[in-house]
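A short worksheet on the structure shown next.
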Amino acid sequence: MRLYDYLPSANGYKVRTLLNQLGVAYELVPVDIFAGESHTADFHAKNPDGRIPVLEPEPGRFLAESNAILLFLAEGTRFLPEDRFARAQVHQWMFFEQNAVEPNLGTARFWLLTGRQPPESDVLRNRIQNGERALATLERHLGKHPFLVAERYTVADVCLYAYTHLAPEAGVDLVPYPSVRAWLERVKAQPGFLGPVPPYSANAHVFRDSP
1 MRLYDYLPSA NGYKVRTLLN QLGVAYELVP VDIFAGESHT ADFHAKNPDG RIPVLEPEPG
61 RFLAESNAIL LFLAEGTRFL PEDRFARAQV HQWMFFEQNA VEPNLGTARF WLLTGRQPPE
121 SDVLRNRIQN GERALATLER HLGKHPFLVA ERYTVADVCL YAYTHLAPEA GVDLVPYPSV
181 RAWLERVKAQ PGFLGPVPPY SANAHVFRDS P
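Here UniProt numbering is used: the first residue of the sequence shown is 1, the next is one more, and so on.
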């Protein structure tokens, strides 16, 4: 099994976390997305969209999109409930992550850490505000439940943790979300959890001219 990935990506971090928790051996193939390595003919043959992560579970078969990879890996394990409705709830929260969390907290973090938007920009503020709305949604749910689905740790928690725990790097204070912070600690305490997400590589940064 191979995983094509750029280590500072939180989308890839989700997948590496689950692989580690499952105890699955794999070969990590680094892809420097800022050097154009994900937009070569060879990589497009693996993922026509030219994005990481991409999983190669067996030679010549490729699966893209981090949440699709998570669900594939979780199939038949304790991370994905057998109950049909509970499984649908896992999907619900993973769709929410891609609709409300990753595009806002993930994008704001990327812009801030790499200098692509100044802190005072309106477009950045909009992403931050939308990210705060997503956190408020999580706060309402996690105020009543220890985990996102079925009162236990599932692949939905693996998925949502990735960008949520990085909210401070997106300019969002987690202090107003005590239930989210408590949940983050519960997720972080799970066996086999990975350490910090690596920082962006130097070539990811945009250097602005001084005024």
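Beta carbons: idealized from backbone N, C-alpha and C, even for Gly.
Cβ shell of residue i (< 7 Å), same chain only, five flanking positions each side left out
{"i": "ARG140", "result": "none"}
{"i": "PRO199", "result": "PRO8"}
{"i": "SER38", "result": "VAL31, GLY50, ARG51, ILE52"}
Enclosing beta strand (DSSP E) for residue i [first to last residue]
{"i": "TYR4", "result": "2 to 5"}
One or two residues paired with residue i in a DSSP bridge
{"i": "ARG61", "result": "GLU58"}
{"i": "GLU27", "result": "ARG2"}
{"i": "ARG152", "result": "VAL149"}
Residue closest to residue i, alpha-carbon to alpha-carbon, out of the options
{"i": "THR77", "options": "ASN11, ASP173, LEU22", "result": "LEU22"}
{"i": "VAL149", "options": "TRP111, ASP83, LEU112, PRO196", "result": "ASP83"}
Residue span of the alpha helix (DSSP H) that contains residue i, given as start and end
{"i": "SER66", "result": "66 to 74"}
{"i": "ALA108", "result": "107 to 114"}
{"i": "PHE147", "result": "Counting along the chain, PHE147 falls outside any alpha helix (DSSP H), and DSSP gives it neither H nor E."}
{"i": "ARG127", "result": "122 to 142"}
{"i": "residue 216", "result": "The chain is shown only over 1 to 211; residue 216 falls outside these bounds and no answer can be derived."}
{"i": "ARG78", "result": "Where ARG78 is concerned, there is no enclosing alpha helix (DSSP H), given that its DSSP letter is neither H nor E."}
{"i": "GLN21", "result": "10 to 22"}
{"i": "residue 212", "result": "With the chain running from 1 to 211 in the structure shown, residue 212 is simply not present."}
Spatial neighbours of residue i in its chain, beta-carbon cut-off 6 Å, leaving aside the 5 residues before and after
{"i": "ARG127", "result": "ASN104, THR107, ALA108"}
{"i": "ILE69", "result": "VAL15, LEU55, LEU63"}
Contact under 8 Å by Cβ, residue i with residue j
{"i": "PRO57", "j": "MET1", "result": "yes"}
{"i": "VAL31", "j": "ASP49", "result": "no"}
{"i": "LEU135", "j": "ALA167", "result": "yes"}
{"i": "ARG116", "j": "VAL206", "result": "yes"}
{"i": "TYR161", "j": "LEU142", "result": "no"}
{"i": "VAL155", "j": "VAL101", "result": "no"}
{"i": "GLU169", "j": "LEU113", "result": "yes"}
{"i": "ARG92", "j": "ASN67", "result": "It is Gln, not Arg, that sits at residue 92 in the sequence shown. No; because the gap between Cβ atoms is not below 8 Å, this pair is not in contact."}
Other residues of its chain near residue i: CB distance less than 8 Å, five sequence neighbours each side excluded
{"i": "ASP209", "result": "Note that ASP209 scores a pLDDT of 46, beneath 50, so its modelled location is shaky and nothing firm can be said."}
{"i": "LEU3", "result": "GLY12, VAL15, ARG16, LEU19, TYR26, GLU27, LEU28, VAL29, PRO53, VAL54, LEU55, GLU56"}
{"i": "PRO211", "result": "Since pLDDT at PRO211 reaches only 41, below the 50 mark, its modelled position is unreliable, and the value read off the structure follows with that caveat. No residues qualify anywhere along the chain."}
{"i": "VAL172", "result": "LEU105, ALA108, ILE128, GLY131, GLU132, LEU135"}
heavy atom of the ligand SAM below 7 Å from residue i C-beta
{"i": "ASN104", "result": "The ligand content of the structure shown is nil, which means the ligand SAM is not present either."}
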